[in-house]
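To start, the structure under review is shown below, and the notes come after it.
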Amino acid sequence: MVKKGFTLFIAFMMVFLLAACNGEKTSSNNTTGGKDSNELAQGVTKNEIMIGHSAPQTGPVAVYDTFRKGMDTYFQYINENGGVNGRKIKLIAYDDQYQPTKASQNAKKLVEEDKVFAVIGNQGSAANLAAKDYYINKGIPVILPGTGLKGFVDPPVKNWMGATMMNYEVEAQIMLNYAVNELGAKKIAIAYQNDDFGKAPYNKIKEIIKTYPGVELVAEVTYLPADTEFSAQAQKLQQAKPDTIFNFGVMSPVVNLKKAMYKIGLDKTKYIVSSIAGGDTHAFQLAGGDVWERTYSGGILISLDDENNEKIKLFKERFKKSYPNEQATNFVESGWSAAQVFVEALKRSGDNLTWDNFLKSFNTFDNWDGSMYAGVSFSENNHYGITKMYMTKAENGKIVQISDSIEFEPETGKISLPKK
Amino acid sequence: MLKLSDVHVYYGHVHALRGLNMTVEDGKIVSLLGGNGAGKSTTLKMISRLIQPKKGSYEMDGQSMLKDSPSRVVKKGIIHCPENRRVFPLLTVEENLKIGAYSRKDKNVKEDLEKVFLYFPRLKERVKQKAGTLSGGEQQMLAIGRSLMGKPKILLLDEPSLGIAPILVKEIFEIIKKINKDGTSILLVEQNANMALGISDYAYVLENGHIALEGHSQDLRNNDEVRRLYLGG
Amino acid sequence: MQIIASGLIFGCIYALAALGLVLIFKTTEVANFAHGEMAMITTFISYVFLSKYGFPYLAALGLALLFALVFGIVVYVLVMKRVQSAPHLNQVVLTLGLFMIFNGLAGLKWGYQPTSFPEAFHGDPFKLGSIFISTNEIFTVGLTLVLMLLFFLLFRFTKAGLGMRAASQDIMASELMGIKVSGVFMGAWAIGTALGGIAGMMTAPVTFLSPNMMGEVLIIAFAGAVLGGFNSLPGAVIGGLIVGVFENLVSYYVAPELKIVFTFLLIVVVLYIRPQGIFGGAKIVKKV
Amino acid sequence: MKQLFTNRKPWLFLLVLLFLAYPFIVGQSVYLISIFVMVCVYAITAMALDLLIGFGGQVSIGHAGFLSVGGYTVAILTTKLGLPFLLVLPLSGVITGIIGLLIGLPAVRLSGNFLAVVSLGFGLSIPQIALNWDSLTGGYSGLPLARPEWLSNDSQFIYVIILMTVVIIWILHNIVKSRLGRAFVAIRESEVAAQATGINVPLYKTLMFVISAFFTGIAGGLYGYWIGFVSPNDFSVFTSFLLLGMIVIGGLASIPGAIIGAIIFTVLPELTKSLIGLTNIIIGIAIVGIILFRPNGLISLLEMFRIKKPSKKVMDEQEVYLSDLEQGGAARDANV
Amino acid sequence: MLTFKDVTVKFAGVTAVKDLSFEVPQGNIYSIIGPNGAGKTTVFNCISRFYTPAAGTIDFNGKNILKLKPHQVIHEGIARSFQNVELFAKMTVLDNLLVGLHPTLKKNIFSISLNLPSVKKTEKESIKKAYEVMDLLSITDLANEKVRNLPFGYQKMVDIGRAIISSPKLILLDEPVAGMNPVETKKISELILRLKKEMNYTVLVIEHDMSLVMEVSDFVTVMNFGQKIAEGTPQEIQKNPVVIEAYLGEVEENAQIV
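Chains as they are written, first to last, in the working numbering: chain A, 12 to 431; chain B, 773 to 1005; chain C, 716 to 1003; chain D, 2 to 337; chain E, 33 to 290.
Rendered as structure tokens:
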């Protein structure tokens, strides 16, 4: 027994030593980092590019890990086909359990220990906020993080590029515009998730609804992402007698509110939900029966139901190969697309891969539709990236596109009206 | 007949029983004396299989009991009535008694309940009362009654007089005698050496985990050393 | 009215989750924080039977419950038995460890994507007076009450129930009376886990099937059970119902995002007035 | 007593030495420094929690709530009122201590699972309140805060954290070794006897909450300054669970134990980071394994080196185990 | 010194103690005996303020102690031991005794946190005092053992030690020799007598062991069903037929050896 304890103790000390050794390695290497802009940036060798990713893999929102699986699938695909400019892409992904502390820790590990070239698709607004200053100070390119908060991209920061999702506020603007102009909404009710997913679009709508004469906000209800019981909210909505109900949140509660409304007969009112909730047919499964029918939403990616689309076919085929047990959802597709944008930027940066070159290459994206995204645009003043969205409607078990792409112009803040 | 030979029990580093040899013959009352920490309770716990000895043999009617679990031992008729009574405070008197018959498969529980009430009429008056609300003496009676419900061949009693009024101690010792007369062997652990030697047939004196002295109770009572060390005389 | 009715129905789900929790606690004195995750795994097993092998609902339920019984026994024998006499905090932290393991394993095996799970009874909701209610909800309510009654009677009137109550009060004395305490505890874990499984299958249609489906539900169920006294089965059900209804009332009249705050405020107030919970019964005064 | 003291001193000294040397060992790596900072933050919190649970016997499974309060206090006082660092850090302790007092008051009447649920409710409520009180807390987007100029450099700030940690270890050590600590343990062991020996049980229980909350608040404050940003997501119920794990794994009612627990639970996830999706499973396995095989925590490994001569009159551990076994469940709580 | 006047205690309708009056004179050893459930421990619990009587008064040196909270009783100079030993099981013997000194120590949290010299000094004095008490009970060699590892008899000693360490005026001992054999009982009897003679303590004892009661008591009160049924010197009590009937039982040969 004593011996066993001693071994454990030794093992424990080893952990410390290990940490200490790591440390020394770092301190000696640090001075040779990629400061000289003519040399390759850190994390880039002749035949490899290391990139980092921090997101929840376990914990309450572990589902966000499917995003990584989408990216991973695409990188595998690229690597199998020779990589980018002869370099294979290596993705290092760490679990942050949706905790800002861990996200910030991960950031430091990725940048200092693993010396990644860039980070991509980091999930969560709070997590990204916690690590933001560090990334910005270090100059590491942050590509398409998973947050739709305006503060990250507007005003633009040099090494912070876009987001994987439609900016929350822009999306709200587009949806309200569509509801009023195309669906004739007059009495609007809003349900929103009480966090960044819900509050940001809610605030935006509240702010801009005054500019639409004759349109009024008749009810607001809130909920938490993990909520399951929605009868109170449904009741409140019913009593307000709206003609259109917006719901900004993630899929599970958005579906559950719909179920609760269906149950009490509040089914004919137009229901418009955020793109992260209504983007794919999975919602039909969750809601069951025809509960989800007629729900409006927005899309920024090519619909997964578009069976004939070559891109979708490739995606589904590759994903099945890489992750045979997983369902190909909108979120997986989103990861795949983010990876596509990243690879495209790498290609455009050429062989001499430095941070400067890489970041500059983004400015050449002008409504690029090579990825699954409807359109990707960057410029000196536009770091939104995703600026195009179309409206969808749930019909007969499918998500159908019902409008052309609606574009947002970051420079002017204007949105173009959809062309029918 | 219960027979322990060369039993060694360790608590961690402490050698609690050091080669204990003792026998409880059928139909007898045997008492086990000794100071605080001599190993009396340990012996009982070992017999009821709460503790595993490191070495030694333990037989009942020639069968080894070393592999048996506590519940098997109960089924074979060795029942241990623990120190400090240990009744189930939140159960009623009746439920406590029924627990005593837990390991029995026969249907005569009702009759035996009446038999126990014959020994302890006070329990009958309080049959629906929670055991935790009984007085100390009544709890001791309940504890013994509970053990009797299991139809013991050998009853192990650990300090039945602890914290009980003299008059009740006498009553309880009378009942112990009666139980013995009705055919149950008894192994009695008792601080009150006078009382114990008064009712038992044979006695062992434990010191530091082994038998220092044994003999017929009457003889021990007259032994000078016993008088000096345990009877305070 | 609808608010209260819906609260009661959802309260039943809390109550179901609380029943198994209380059953295990009442017998073995362990507050099992892994209860929800064990329920979740059972539910996943039933889903595998349902979707992969195409069993009918009841058959899948039966098989999953069988699995739950074994699962409960395995957890008890491999892990919990060894800390039977350890301090409560050790036991609690141990179940937290199990919680993490089960949650992680389920995530690895089945992924975190929420999936729909069928209800026991299909059918559109109908109107009962001014209340909308569905067949499945009536089933859930009925099931909760039946199970509560069943186990209440089991504890009160059967020999096994008596053994369970005795073992929970004094392990040593029970052993000395011939009760196989580990057997009794094993039974409690098996039945408790199966009850959890039922709760899981009633919860899954609402929260959707995912490794995290029971997280929130279990915390509220735990609170409800404690409100009810934590060692009373009717208390668990009443506590669950109170919490369910109260949550809904707060959602409707105050603010849904603060319902957890208010629910726990309610619990603090109730426990301040009655520290042993609603059905906790008076504590036996210590004799010193 | 004296023996214990002489035994403990050298290795306490070693610990301090390690603390001071750490930044030199790791050099400029902000990553390793940041792990170290989190170890300090969690070590302070775990010690404070251990004072409450391990020594005082009052279960709290919502301690992360106090961390959040501490963090927010620092952020609010710095950004909204512009108070200086040297004032804000103690205030984070004081304000959290006041919250601890408010929680401690009703908690005085409760015990065991009832207290657990109340504290759990507190832990769950704090993030919700932070989320909803936009005007004060910045809601979901949290509050950024800046360190003062003279501490803006990480390798400077780490010395503040080291200093605070060492001082807090020392203070807590003094408290638990003092009459106060003895009174806390006495309450844990027997409230009745504690009262009979003149200990004002309700007052001391409340005091425990206040002290525990105070130091946790300071840990939260240090955290806030370190990350430079506080948000409702920072400390969830899950953090509270982990804190419980820390003190049990390390060894209850032991200050070094709490520190060991904090180190393990901060370092372990870092080591397993690259194993996708396995972090929780590994932590879970570590918890289960340690509790099964080292029920008195890892600190008991260290105690094995201290050779103990059992006195003849004393039963050893085995007996302890047995006498616990004898104590039944309900009886254990009902104090029968 | 301690005066009970018409004290009545009820629990949920059951009368545990009824109209009880007695007075413990200064410097005496006073015993209360009676059958189990007669209400003896209830008397102690009233003095310790764990219970509040429904009627009657309890005065200590002329001061009404019913106004006190349980933790304040010891400040008046009343300490007690417990029937089933209520020790701090996981603390060492030394620490148990030190807790006994709690009411005499200053508790300034700041000086404690900083471990100021004043704290160190009083701490040293406390430890010295604890060793004196342990010497008195001859348990010094157990100082650093955890009490839960001790046999019951030694735990009783520690319990008594914890009561006397704070130098109270009145000590309540609840069955101090339960679970001890006659020889050990004798030791405790001697100790109690020494407490009275050498330190001039007043002692109130509850005990079933008549050998101890007879040897140490100056005065005995007998209770049954919550009421006083007899009082007097030990010799008077021993011969009192009411007491024999209710408590002592017929005098047998066994009892004579005692």
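Each residue gets a CB set at the ideal place from its N, CA and C atoms; glycine is no exception.
Whole angstroms is fine: what's the gap from N818 (chain C)'s alpha carbon to N927 (chain C)'s?
Going from the Cα of N818 (chain C) to the Cα of N927 (chain C) covers about 7 Å.
For L789 (chain B) and L299 (chain D), what's the separation of their Cα atoms in angstroms?
The alpha-carbon of L789 (chain B) is positioned some 32 Å away from that of L299 (chain D).
To the nearest angstrom, how far is the alpha carbon of G97 (chain A) from that of P253 (chain A)?
Put simply, the backbone Cα of G97 (chain A) is about 57 Å away from that of P253 (chain A).
Taking Cβ-Cβ distances below 9 Å as the criterion, which residues of the segment 965-999 of chain C are in contact with chain A?
Flagged, chain order: V965, S966, Y967, Y968, A970, P971, E972, K974 and I975.
Between the segment 62-78 of chain E and the segment 252-272 of chain E, do three or more beta carbon pairs fall short of 8 Å?
Segments in contact, yes.
Does the CB of Y83 (chain E) have a neighbour CB from chain B at under 8 Å?
Contact of Y83 (chain E) with chain B is not assigned, every C-beta pair being separated by 8 Å or more.
Count Cβ pairs between the segment 761-771 of chain C and the segment 261-275 of chain D that sit closer than 8 Å; are there 3 or more?
No, the segment 761-771 of chain C is not in contact with the segment 261-275 of chain D.
Pick out the complete alpha helix (DSSP H) segments inside the segment 19-62 of chain D, 4 residues or longer, and give them in chain order.
Within the segment 19-62 of chain D, the complete alpha helix (DSSP H) runs of at least 4 residues are 31-51.
Sorry if obvious, but does the Cβ on N58 (chain A) come closer than 7 Å to a heavy atom of the ligand MN?
Ligands are entirely absent from the displayed structure, and the ligand MN is therefore not among its contents.
Identify whether Q204 (chain A) lies in helix, strand or coil by the three-state DSSP scheme.
In the displayed model, Q204 (chain A) falls within a strand according to three-state DSSP.
Same chain only: Cβ atoms within 7 Å of E852 (chain C), ignoring 5 sequence neighbours per side
Around E852 (chain C): I724.
Does the CB of S115 (chain A) have a neighbour CB from chain D at under 8 Å?
For S115 (chain A), the answer is yes, since a Cβ of chain D falls inside 8 Å of its Cβ.
Helix, strand or coil at T154 (chain E) [DSSP, three-state]:
Looking at T154 (chain E) - three-state DSSP - the assignment turns out to be helix.
Expected contact under 8 Å - CB spacing of E182 (chain A) and G309 (chain A) to nearest Å:
Contact annotation, E182 (chain A) with G309 (chain A): C-beta distance approximately 6 Å; criterion of less than 8 Å satisfied.
Can you give me the start and stop residues for the alpha helix (DSSP H) that H982 (chain B) sits inside?
Per DSSP, H982 (chain B) belongs to no alpha helix (DSSP H); it is in the beta strand (DSSP E), H982 to H988.
Can you pull the chain A residues whose beta carbon is under 8 Å from the beta carbon of M39 (chain D), in chain order?
Near M39 (chain D) (Cβ distances below 8 Å), the residues of chain A are T112 and Q116.
Looking at K101 (chain A) and N58 (chain A), is the spacing between their C-beta atoms short of 8 Å?
With respect to the 8 Å criterion, N58 (chain A) and K101 (chain A) are not classified as neighbours on the basis of their beta carbons.
Assuming contact is defined by CB atoms lying nearer than 8 Å, are D241 (chain E) and T217 (chain E) in contact in what I supplied?
Against a cut-off of 8 Å, the Cβ pair of T217 (chain E) and D241 (chain E) comes out as a contact.
Would you grab the beta carbon distance between L734 (chain C) and L948 (chain C) for me? Rounded to a whole angstrom, and I think it's under 8 Å.
Beta-carbon to beta-carbon, L734 (chain C) and L948 (chain C) are separated by about 6 Å, close enough to satisfy the 8 Å threshold.
Check the Cβ of Q68 (chain A) against every Cβ in chain D and list those closer than 8 Å, keeping chain order.
Those within 8 Å of Q68 (chain A) in chain D are I277, G278 and T280.
Tell me, please, whether the CB atom of S957 (chain B) is closer than 8 Å to any CB atom in chain C?
Not one chain C Cβ lies under 8 Å of S957 (chain B).
Can you tell me which of the three DSSP states P145 (chain D) falls into?
Correct three-state label for P145 (chain D): strand.
Let me check understanding here. Comparing Cα to Cα, which of A:A350, A:D380, A:D291 and A:K358 lies closest to I410 (chain A)?
Closest by C-alpha distance to I410 (chain A), out of A:A350, A:D380, A:D291 and A:K358, is A:D291.
What residues are listed by DSSP as bridge partners for F841 (chain C)?
Beta bridge pairing from DSSP links F841 (chain C) with C:I848.
When the Cα of I96 (chain D) is compared with those of D:T280, D:A44 and D:V211, which residue comes out closest?
It is D:V211 whose Cα lies nearest to the Cα of I96 (chain D).
If you draw a straight line from the alpha carbon of N40 (chain A) to that of F215 (chain D), how long is it in whole angstroms?
Model confidence at N40 (chain A) stands at a pLDDT of 39, short of 50, so the residue's coordinates are unreliable; what they give is reported in the following sentence. CA-to-CA, the gap between N40 (chain A) and F215 (chain D) works out to about 41 Å.
In three-state DSSP terms, what is L868 (chain C)?
Reduced to three states, the DSSP call for L868 (chain C) is helix.
From K974 (chain C) to L933 (chain C), what does the alpha carbon distance come to, in whole angstroms?
It is roughly 16 Å from the alpha-carbon of K974 (chain C) to the alpha-carbon of L933 (chain C).
CB of A732 (chain C) within 8 Å of CB of G912 (chain C), strictly:
For A732 (chain C) and G912 (chain C), no; Cβs fall outside 8 Å.
Assign A87 (chain E) to one of three DSSP states: helix, strand, or coil.
DSSP places A87 (chain E) in the strand class (E or B) of the three-state scheme.
Touching or not, the segment 141-155 of chain E and the segment 114-126 of chain E, by the rule of three or more beta carbon pairs under 8 Å?
Short answer: they don't touch.
Just the Cα atoms here: how many angstroms apart are G135 (chain A) and A783 (chain C)?
Their Cα atoms are separated by approximately 36 Å.
Between the segment 919-948 of chain B and chain C, which residues of the former have CB atoms less than 7 Å from a CB of the latter, in chain order?
The residues in question are G922.
Output, in chain order, the set of chain D residues within a Cβ distance shorter than 8 Å of K120 (chain A).
Going along chain D in sequence order, the residues near K120 (chain A) (Cβ under 8 Å) are Y32, E271 and K274.
At 8 Å on the CB atoms, spell out the chain E contacts of S875 (chain B), in chain order.
In chain order: nothing, as chain E lies at least about 29 Å away.
According to the neighbour-count rule (16 or more other Cβ atoms, all chains shown, within 10 Å of its Cβ), is S48 (chain A) buried or exposed?
In this prediction, S48 (chain A) scores a pLDDT of 46, lower than 50, which makes its location untrustworthy; no coordinate-derived value is stated.
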